[in-house]
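With numbering that gives the first Met the number 0, letter number 275 in the sequence shown gets 274, and the count goes up by one each step, no holes.
Cβ atoms here follow ideal geometry from the backbone N, Cα and C, with glycine treated the same way.
A short write-up of the structure that comes next.
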Amino acid sequence: MTSHPILILAPIRGITDCHFRSLFNHYFPGFDEALAPFINPQRSSQYQPKQLKDLLPEANTSLPITPQLLHTNADDFLFLATRLHDIGYKEINWNLGCPAPMVTKKKRGSGLLPYPEEIIQFLDKVMPKLPMRLSIKTRLGLENPEELLSLLPALDNYPLTEIIIHGRLGKQLYKGTSDRKNFARCLEVSNHSIVYNGDIDTVDTFKELQLQFPEVNKWMIGRGVLADPFLAGAIVGRQTTDKLHMLECFHKDLYSCYRELLSGQAHLLGRMKQLWYYLSVFFPPQKKTWKKIKKCNTEQHYQDVIDTLFREKS
Ligand SMILES: Cc1cc2nc3c(=O)[nH]c(=O)nc-3n(C[C@H](O)[C@H](O)[C@H](O)COP(=O)(O)O)c2cc1C
0 MTSHPILILA PIRGITDCHF RSLFNHYFPG FDEALAPFIN PQRSSQYQPK
50 QLKDLLPEAN TSLPITPQLL HTNADDFLFL ATRLHDIGYK EINWNLGCPA
100 PMVTKKKRGS GLLPYPEEII QFLDKVMPKL PMRLSIKTRL GLENPEELLS
150 LLPALDNYPL TEIIIHGRLG KQLYKGTSDR KNFARCLEVS NHSIVYNGDI
200 DTVDTFKELQ LQFPEVNKWM IGRGVLADPF LAGAIVGRQT TDKLHMLECF
250 HKDLYSCYRE LLSGQAHLLG RMKQLWYYLS VFFPPQKKTW KKIKKCNTEQ
300 HYQDVIDTLF REKS
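Written as structure tokens, this is what we have:
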């Protein structure tokens, strides 16, 4: 086991796209790799190359990434995996964790966890033909942690690279806290390499988790780094001076990138607000900051609010 913890930037659909990932890694180094947000499942007959735009190697030169698939149809999964292999990917991830009701009601994401026999059938069909390695990202269950606990021993029969476990149930969405007790039970019943995910939001929390789970050396962080972009760097012992200036430059670059790419101010502001929902924590009082940003309906208004935020904090 290496002493250097390996940090993975979590997929946050609607925020951590290739533009975000590359600017984020430039301004806030600390992550070793990233998992890309899931590709929306389509039938292979409806495949359009533009579905892979976010994953093109030329758009992902700074941080190694793993693509994620949400499909539960083995043929469609294999079709897309082969396209990803063709553009150079050696590993993909299967999403068994998404909690969105639109997804779970189709028995996808965490919606498949109550059906272990379907998960096994899927793997039996996919693994022999898969041209690359496979990892899984999951929750503890949809309704009940026994769902994952009973599935994990069966997953030992498959050569997965790792299993990333977010310690919540699908039915919780993002409520409550990540369940460390059941995460610990998962470690006991699996021989796979397990990645911890859920609620790492300070260096102290990270250190506490490291002490609690010494056998884990890969950690995935999502919302914690959106609220404090310097967190991954701080965990690996980087000193950052002039944080506000770095954050301002990052914001400026990200905003101008989306201004070029997205059509219409509603679209642009909507995209920036998704980030500010979390980043407003950096500008306390968080609720007041978020409220001000949420209200912005024009680019001018948005720019004024952001300029004031940075000016007042400096
Ligand atoms: C808005 C949003 C979008 C997300 N999109 C994805 C996704 O595409 N794929 C995935 O596996 N997890 C997704 N997640 C879950 C996160 O990757 C992560 O597992 C979860 O937020 C818990 O980790 P954290 O507490 O460090 O944020 C998403 C979470 C949020 C809040």
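Check                                                                                                                                                    : Outcome
Among the candidates F23, I86, F37, whose CA atom is the shortest distance from the CA of P10?                                                           : F37
By DSSP, does F282 sit in helix, in strand, or in coil?                                                                                                  : coil
Are the Cβ atoms of I234 and Y195 separated by less than 8 Å?                                                                                            : no
Listed by chain order, which residues have C-beta atoms less than 7 Å from any heavy atom of ligand 1?                                                   : A9, P10, I11, R12, G13, I14, L34, P36, F37, Q67, N94, G96, C97, K136, H165, Y173, S177, N196, G197, D198, I199, M219, I220, G221, R222, G223
Span of the beta strand (DSSP E) holding R132?                                                                                                           : 132-140
When we look at the beta-carbon of Y88 and count the other beta-carbons within 10 Å, is it buried (16 or more) or exposed?                               : buried
Would G197 and R237 be called neighbours here (beta carbons separated by less than 8 Å)?                                                                 : no
Which residue marks the beginning of the beta strand (DSSP E) containing T65, and which one marks its end?                                               : 64-68
Starting from A9, trace the beta strand (DSSP E) in both directions and tell me its first and last residue.                                              : Looking at the DSSP string, A9 is not in any beta strand (DSSP E), and its letter there is neither H nor E.
So, is S279 buried or exposed, given that buried needs 16 or more other C-beta atoms within 10 angstroms?                                                : buried
Under 6 Å Cβ to Cβ from N59, same chain only, skipping five residues before and after it: list those, please.                                            : C17
Express the C-alpha separation of D178 and L95 in angstroms, rounding to a whole number.                                                                 : 17 Å
Would you mind listing the alpha helix (DSSP H) stretches within the stretch 178-256 that are 4+ residues and don't spill past its ends, in chain order? : 179-188, 202-211, 222-226, 230-234
Tell me the residue span of the alpha helix (DSSP H) that contains R310.                                                                                 : 298-312
Rounded to the nearest angstrom, what separates K128 and L77 at their Cα positions?                                                                      : 8 Å
With contact counted as at least three CB pairs below 8 Å, one residue from each stretch, are the stretch 208-217 and the stretch 237-251 in contact?    : no
Please classify M0: does DSSP put it in a helix, a strand, or coil?                                                                                      : Because the pLDDT at M0 is just 45, under 50, the model does not fix this residue reliably, and the value given afterwards should be weighed accordingly. Coil, per DSSP.
So what does DSSP say about F37, is it helix, strand or coil?                                                                                            : strand
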